[in-house]
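> Structure below; questions to follow.
Protein chains: 2
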Amino acid sequence: MASPSLTDTLETIWQLLGRGVADRRHGFHWPVVCTLHDGQAHGRVVVFRGTERASRRLWFHTDARSAKLDQLEGLSWVFYDPGAKRQLRVSGPTARADDALADDQWARLPLTSRKTYLVSPGPGTSLGDTWDSGLPAALGTDPPSREASEAGRANFAVVVTEAVRIESLHLARRGHERAVFDWDGAWHGEWRVP
Amino acid sequence: MASPSLTDTLETIWQLLGRGVADRRHGFHWPVVCTLHDGQAHGRVVVFRGTERASRRLWFHTDARSAKLDQLEGLSWVFYDPGAKRQLRVSGPTARADDALADDQWARLPLTSRKTYLVSPGPGTSLGDTWDSGLPAALGTDPPSREASEAGRANFAVVVTEAVRIESLHLARRGHERAVFDWDGAWHGEWRVP
Chain A
1 MASPSLTDTL ETIWQLLGRG VADRRHGFHW PVVCTLHDGQ AHGRVVVFRG TERASRRLWF
61 HTDARSAKLD QLEGLSWVFY DPGAKRQLRV SGPTARADDA LADDQWARLP LTSRKTYLVS
121 PGPGTSLGDT WDSGLPAALG TDPPSREASE AGRANFAVVV TEAVRIESLH LARRGHERAV
181 FDWDGAWHGE WRVP
Chain B
195 MASPSLTDTL ETIWQLLGRG VADRRHGFHW PVVCTLHDGQ AHGRVVVFRG TERASRRLWF
255 HTDARSAKLD QLEGLSWVFY DPGAKRQLRV SGPTARADDA LADDQWARLP LTSRKTYLVS
315 PGPGTSLGDT WDSGLPAALG TDPPSREASE AGRANFAVVV TEAVRIESLH LARRGHERAV
375 FDWDGAWHGE WRVP
């Protein structure tokens with residue numbers, strides 16, 4: 001049986017990332033993003049909104065009032081799909097996207113997703129003993145109108161990582177495959193003991 | 195419609211955690227554990243191996259040679275199940291378990307899982323261009339004998355978090371529910387804007 005190849009592995013990684021964006025049922029559609037704050041590691045599931053292989057970029061959406069926008073240094077992504085039996089860990093410089101990308105992403109966002117950005121006050125604000133959805137009462141469980149949804153644009157942010165390290169772990173029957181790829185103008189990969 | 199209750203939410207959380215340990219098909223069986231190292235956040239999927247509500251403990255298994263054993267301070271867990279539409283974030287003091295728990299966990303471990311701890315050199319060691327499973331060649335794709343598996347015990351560690359904070363986000367149709375629970379001898383919960 002031929003040994004697995006680093007080149008093929010990197011190809012598979014980018015294919016799986018592309019599929020993760022497009023396919024809501026793929027595990028890669030729901031990565032965990034880990035950040036640092038006050039000596040504590042924090043993680044949360046995000047929706048994987050986009051990737052572009054040529055620029056090595058990956059991005060997710062978040063509320064502009066969210067604390068994690070001030071905690072982007074040292075951020076990393078973890079993807080896992082039980083069917084593909086593969087975990088990816090991706091890290092690199094991470095920043096809030098400029099308006100060009102954010103406007104483009106906002107324009108594509110369905111009204112049900114835009115609704116999230118209409119909560120007030122901002123996400124995480126304490127409500128004590130009294131539950132509230134944070135949304136305008138008039139909305140109920142309906143999506144907002146397109147016009148009403150525009151109030152959410154000010155609360156909408158896109159966070160972009162430019163990948164410089166990708167670690168892949170594939171749980172294969174013939175033996176697990178663990179590879180690390182580092183970027184310095186080109187990708188350099190090596191195998192690691194799984 | 196009645197408002198959701200913090201007491202019920204905490205009850206649901208512990209039920210879901212129990213189910214996550216027992217049910218391999220539940221999303222909570224595969225949490226991400228986030229750690230800190232060198233100014234970088236690191237995450238990886240682990241198998242959720244056990245929880246005990248009375249002591250608020252949760253644990254996973256890892257290789258004793260793994261770098262993350264020296265990076266347990268500030269560790270946190272992220273659980274997500276798409277079916278239950280719930281995310282949990284759990285944090286608290288985390289340490290390597292004593293031999294009593296580790297011996298008990300090792301005794302229950304199937305041979306196919308014990309096999310993982312037979313890799314040599316330790317996980318993460320660079321292999322350059324040449325892939326290798328890290329396992330003794332004689333094993334092939336078979337599980338080890340019970341006797342042979344015992345060599346893995348020295349490489350086996352259990353990591354235990356004593357939860358002092360649990361954050362729950364439930365994506366409910368009538369409005370998302372976000373609750374935070376802190377422990378100071380009893381659990382105190384409050385709602386947050388989702």
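Those protein sequences? They're chains A and B, same order as listed.
Residue 53 in our numbering is what sits at position 53 of the first sequence, and the numbering runs on without skipping anything.
Residue 354 in our numbering is what sits at position 160 of the second sequence, and the numbering runs on without skipping anything.
C-beta atoms are modelled at their ideal positions from N, C-alpha and C, and glycine is treated no differently.
For the stretch 363 to 375 of chain B, list every residue whose C-beta sits within 9 Å of some C-beta in chain A, in sequence order.
So the list reads L363, A366, R367, R368, G369, H370, E371, R372, A373, V374, given in the order they occur along the chain.
> Identify the contact partners of W131 of chain A in chain B, using a Cβ-Cβ distance below 7 Å as the criterion.
S197, P198, E371, W385, listed in chain order.
> Count the other CB atoms, across all protein chains shown, that sit within 10 Å of the CB of H236 of chain B; report buried if there are 16 or more and exposed otherwise.
It counts as buried.
> Less than 8 Å between the CB atoms is what I'm expecting for R340 of chain B and L305 of chain B, so what's the real figure, rounded?
Rounded, the Cβ-Cβ distance is 7 Å, consistent with contact.
> Does any CB atom of chain B fall closer than 8 Å to the CB of H26 of chain A?
No, because no Cβ of chain B sits closer than 8 Å to the Cβ of H26 of chain A.
> By how many angstroms is the C-alpha of V272 of chain B removed from the C-alpha of L200 of chain B?
One C-alpha to the other measures close to 20 Å.
> Using the C-alpha atoms, what's the distance from L263 of chain B back to Q40 of chain A?
Those two C-alpha atoms are separated by around 16 Å.
> Assuming Q299 of chain B and V240 of chain B form a contact by the criterion Cβ under 8 Å, report the distance between their Cβ atoms to the nearest whole angstrom.
Not confirmed; about 13 Å, so no contact.
> Exposed or buried, S320 of chain B, counting other C-beta atoms within 10 Å across all chains shown (16 or more means buried)?
Per the 10 Å Cβ criterion, exposed.
> Would R372 of chain B and T141 of chain A qualify as a contact pair, given that the criterion is a beta-carbon distance under 8 Å?
No. Outside cutoff.
> Go through its chain and collect everything with a Cβ distance to T229 of chain B's Cβ below 6 Å, but skip five positions before and after it.
These residues qualify, in order along the chain: H236, K262, Q265, L269.
> When DSSP labels each residue in this structure, what does E384 of chain B get in the three-state scheme?
It is a strand residue.
> Under 7 Å between beta-carbons, which chain A residues line up against Y274 of chain B? List them in chain order, please.
The answer, in chain order, is W30, V45.
> Return the first residue and the last residue of the alpha helix (DSSP H) that T288 of chain B is part of.
That residue, T288 of chain B, is in no alpha helix (DSSP H); its beta strand (DSSP E) goes 288 to 290.
> The beta strand (DSSP E) with Q234 of chain B in it runs from where to where?
That run of the beta strand (DSSP E) goes 234 to 239.
> With DSSP as the reference, identify every bridge partner of S270 of chain B, one or two as the case may be.
Beta-bridge pairing links S270 of chain B to B:C228, B:S285.
> So, at 7 Å on beta carbons, what are the nonlocal neighbours of L171 of chain A in its own chain, with the 5 sequence-adjacent residues on each side left out?
For L171 of chain A, where only same-chain residues beyond five positions count, the Cβ hits under 7 Å are K85.
> Could you list the residues in the stretch 86 to 103 of chain A with a C-beta less than 9 Å from some C-beta on chain B, going in chain order?
Listed in sequence order: Q87, R89, S91.
> Kindly list, in the order they appear in chain B, the residues whose Cβ is closer than 7 Å to that of A41 of chain A.
What A41 of chain A touches in chain B: C228, T229, L230, A235, G268, L269, S270.
> Straight-line CA distance for L58 of chain A to S285 of chain B?
Cα to Cα, the separation comes out at about 27 Å.
> So which residues of chain A does L210 of chain B contact, with C-beta pairs closer than 9 Å?
Residues of chain A passing the Cβ test: none, with the nearest at roughly 15 Å.
> At least one CB of chain B closer than 8 Å to the CB of S126 of chain A: is that the case?
So yes, S126 of chain A belongs to the interface.
> Leaving out the 5 sequence neighbours to the left and right, which residues in its chain are closer than 7 Å to G328 of chain B when beta-carbon positions are compared?
Here the set comprises V313, S314.
> Between P287 of chain B and the rest of its own chain, which residues show a CB-CB distance below 6 Å, the 5 nearest in sequence each way excluded?
Excluding residues within five positions, the ones whose Cβ falls inside 6 Å are E356.
> Taking only runs of the beta strand (DSSP E) that begin and end inside the stretch 344 to 372 of chain B, which ones reach a length of at least 3 residues, in chain order?
For the stretch 344 to 372 of chain B, whole beta strand (DSSP E) runs of length 3 or above, ordered along the chain, are 350 to 356, 359 to 364.
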